[in-house]
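Just so you know, we're using numbering that gives the first Met the number 0 here: the sequence shown kicks off at 0 and counts up by one.
Worksheet: one structure, shown below.
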Amino acid sequence: MTIWQDGVCRKVTFDEPTLLQTLLTQAGCPVDQPCGGRGVCGKCAVTIKGQVSAPNEAEKSAGTRLSCQAVMEGDGEVWLPDTQKNDIQLSGKESWQAASGEGYGAAVDIGTTTLALKLYDLFQGKCLSSVAAMNPQRGIAADVMGRIGAALAGQGELLRQQIHDAIQDLLTKACHQARLAPEAVERLVVTGNTTMLYLLTGRSPEPLSHAPFLADCLFDMDTTLWDRQVYLPPCMNAFVGADITCAVLASSMTRQPDTALLCDIGTNGELALWKEGHLFVTSTAAGPAFEGAGISCGCGSVPGAIDRVWVEDGTIKVHTLQEQPAVGVCGSGLIDAIAAFLQTEDIDETGACEEDSLPLRDEIALLPKDVRAVQLAKAAIAAGIQTLLDSAGVSMAEVSRLYIAGGFGSHLNVDSAAAIGLIPPELASRVEIIGNAALSGAVAMLMDGRYQADGRQIAALSSHVNLGGNPKFNENYIEHMLFE
Numbered sequence: 000m001t002i003w004q005d006g007v008c009r010k011v012t013f014d015e016p017t018l019l020q021t022l023l024t025q026a027g028c029p030v031d032q033p034c035g036g037r038g039v040c041g042k043c044a045v046t047i048k049g050q051v052s053a054p055n056e057a058e059k060s061a062g063t064r065l066s067c068q069a070v071m072e073g074d075g076e077v078w079l080p081d082t083q084k085n086d087i088q089l090s091g092k093e094s095w096q097a098a099s100g101e102g103y104g105a106a107v108d109i110g111t112t113t114l115a116l117k118l119y120d121l122f123q124g125k126c127l128s129s130v131a132a133m134n135p136q137r138g139i140a141a142d143v144m145g146r147i148g149a150a151l152a153g154q155g156e157l158l159r160q161q162i163h164d165a166i167q168d169l170l171t172k173a174c175h176q177a178r179l180a181p182e183a184v185e186r187l188v189v190t191g192n193t194t195m196l197y198l199l200t201g202r203s204p205e206p207l208s209h210a211p212f213l214a215d216c217l218f219d220m221d222t223t224l225w226d227r228q229v230y231l232p233p234c235m236n237a238f239v240g241a242d243i244t245c246a247v248l249a250s251s252m253t254r255q256p257d258t259a260l261l262c263d264i265g266t267n268g269e270l271a272l273w274k275e276g277h278l279f280v281t282s283t284a285a286g287p288a289f290e291g292a293g294i295s296c297g298c299g300s301v302p303g304a305i306d307r308v309w310v311e312d313g314t315i316k317v318h319t320l321q322e323q324p325a326v327g328v329c330g331s332g333l334i335d336a337i338a339a340f341l342q343t344e345d346i347d348e349t350g351a352c353e354e355d356s357l358p359l360r361d362e363i364a365l366l367p368k369d370v371r372a373v374q375l376a377k378a379a380i381a382a383g384i385q386t387l388l389d390s391a392g393v394s395m396a397e398v399s400r401l402y403i404a405g406g407f408g409s410h411l412n413v414d415s416a417a418a419i420g421l422i423p424p425e426l427a428s429r430v431e432i433i434g435n436a437a438l439s440g441a442v443a444m445l446m447d448g449r450y451q452a453d454g455r456q457i458a459a460l461s462s463h464v465n466l467g468g469n470p471k472f473n474e475n476y477i478e479h480m481l482f483e
């Protein structure tokens, strides 16, 4: 079978009828399937010519061929969307100082949806290049639990190889930008949530798949990957990972006397609350909607993504990244859009829509199911915040600062987030956007090993607040379903 993408031709061979998505993955060019291969999101649409199975009901409904449904029965050609639209916008700055380091190193954040890498001259403490890409594992499953299930079903080695190769590619790209030979990079710090680190290191995620969800490895270890020395920071528990350890480190919240809350809003909503020497942490499954996945017109933070939406003279106005023609709506634009349609009363507080389609630009529009996806995701985050505060006996008035971390949070319009109830309106004036704080913390550990000790102490301070089966969380979730 021949695969065409970006004008490049790849070939893959097979001996028996095989699912197209499997062949694309084998060829190193998996296509997004945020719905986990159920044929309902339409994100893996491709053009096929050749010996292929007849369209099934899911494909007939989508009006296209889906790589998660089509079975190649013989030779054929497949055309994939070009990847130039996947140049992720990377945010976040570091001000860490090098401590008598030498050589070159890289810090990596493995997000469920995106990957980010920064290359450093360790002697000068200078960032030489920054690169990012989509996590290729999303082609197998959009969320953590989906990937755990896939790993336990026999795809663990494939998931490991995908993330290993993707980071190798990012490192090569970063070195190319910096005009540096990749062999000059001697060490890395790689952070991510607990599941991502399990998959990277080839560990079975079986302990993470069932109650009581006790991880048998919390990392804080040196290892060898990509023929280089790699440090994996400590995770806090099965679902609050090294990324939050690094984010808390970057925020410096545990060095301050005041009560503070950190929210990393993404596919996995991870929360940390600092109060009087205690660090309360939890996570809530928001799903990939804030990353643009699972949304009918959703996309990542790519050129042409609608990233801002507002109302002007009663009319919806939009802005796109790099002012390119609109290709979809990313997470920040999605939050703005919901807030704008609430303002124009095209959506009411229950999430009901006046029309079957809410136009943004040209053919790009939100559907009622998109509004519902945001409603569910924002309720999970808001309920997680409320339950965490309640469990620690902290009122909204006591929170002196709300740190918002993550790639999605970097571009978030705080007023829109408060308007739809994603963050508590009472805390809107106390928000500090800190970008990809997980990556910033990893950079600190790369620059100075003493920050690794700080990360270890942060993880040791943490107390987990379990939301699963928590009746208070369930009550808060229902209450926060309303857009208010």
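For glycine and all other residues, C-beta sits at the position ideal for the given N, C-alpha and C.
Item, Value
"Beta-ladder partner(s) of Ala304, from DSSP", "Gly327"
"Local Cβ density within 10 Å of Asp335, reported as buried at 16 or more and exposed below that", "buried"
"Contact check, Ala452 vs Cys245, beta carbons under 8 Å", "no"
"Asn267 - DSSP class collapsed to helix/strand/coil", "strand"
"Sub-8 Å separation of Gly49 and Leu65 beta-carbons", "no"
"Through-space distance from Ala105 to Gln88, alpha-carbon basis", "Any reading at Gln88 needs caution, since the residue's pLDDT is 43, under 50, leaving its predicted position unreliable; the model's value is listed next. The straight-line gap from Cα to Cα measures roughly 18 Å."
"Residue of Gly383, Ile433, Leu23 minimising C-alpha distance to Phe472", "Gly383"
"Neighbour-count burial assignment, Phe279, 16 or more Cβ in a 10 Å radius", "buried"
"Per-residue DSSP class, three states only, for Gln374", "helix"
"Nearest-angstrom Cβ-Cβ length linking Thr386 and Gly265, presumed shorter than 8 Å", "So it is not a contact: roughly 19 Å between Cβ atoms."
"Inter-residue Cα distance where the pair is Ala338 and Ala271", "26 Å"
"Alpha-carbon to alpha-carbon, Thr319 and Asp86", "Any reading at Asp86 needs caution, since the residue's pLDDT is 42, under 50, leaving its predicted position unreliable; the model's value is listed next. Each residue's alpha carbon lies about 14 Å from the other."
"Closest residue to Gly332 among Ala304, Val326, Gln255 (Cα-Cα distance)", "Ala304"
"Residue burial classification, Thr283 (beta-carbon count within 10 angstroms, cutoff 16)", "buried"
"Minimum C-alpha distance to Phe487 - residue among Gln342, Phe407, Gln20", "In the structure as shown, the chain begins at 0 and stops at 483. Residue 487 is therefore absent and cannot be evaluated."
"Local conformation of Thr343 per DSSP, three classes", "coil"
"Under 8 Å between C-beta atoms of Glu205 and Leu151", "yes"
"Continuous alpha helix (DSSP H) stretch holding Glu478: start and end", "470-478"
"Rounded C-alpha distance that separates Gly297 from Val373", "12 Å"
"Whether Ile403 touches Val370 by CB criterion (8 Å)", "no"
"Cβ pair Asp312, Gly405 closer than 8 Å", "no"
"Three-state secondary structure (DSSP) of Ala105", "strand"
"Rounded separation between Phe340 and Val413 - CA only", "16 Å"
"7 Å Cβ shell around Ser390 - same chain, five flanking residues per side excluded", "Phe279, Val464"
"Segment contact, 8 Å Cβ cut-off, at least three pairs: the segment 428-445 with the segment 199-219", "no"
"Reduced DSSP secondary structure (H/G/I, E/B, other) of Lys42", "coil"
"Neighbourhood of Met252 by C-beta, 8 Å cutoff - its chain only, sequence neighbours within 5 removed", "Ala259, Leu261, Ala271, Trp273, Arg400, Tyr402"
"Residues near Tyr476 by beta carbon distance below 6 Å, same chain, minus five either side", "Ala378, Ala382"
"Beta-carbon separation (whole angstroms), Asp242 vs Gly191, contact threshold 8 Å", "6 Å"
"Minimum C-alpha distance to Pro324 - residue among Thr343, Met395, Val301, Thr314", "Val301"
"Residues bridged to Val239 [DSSP beta-bridge criterion]", "DSSP, once it has assigned bridges, lists no residue as partnering Val239."
"Proximity of Asp215 and Pro233 at Cβ, strictly below 8 Å", "no"
"Arg137 versus Leu365: straight-line alpha-carbon distance, rounded", "22 Å"
"Alpha-carbon to alpha-carbon, Asp164 and Lys172", "12 Å"
"Beta-ladder partner(s) of Tyr119, from DSSP", "Gly104, Cys126"
"Bridge-paired residues (DSSP) for Leu114", "Ile109, Ala132"
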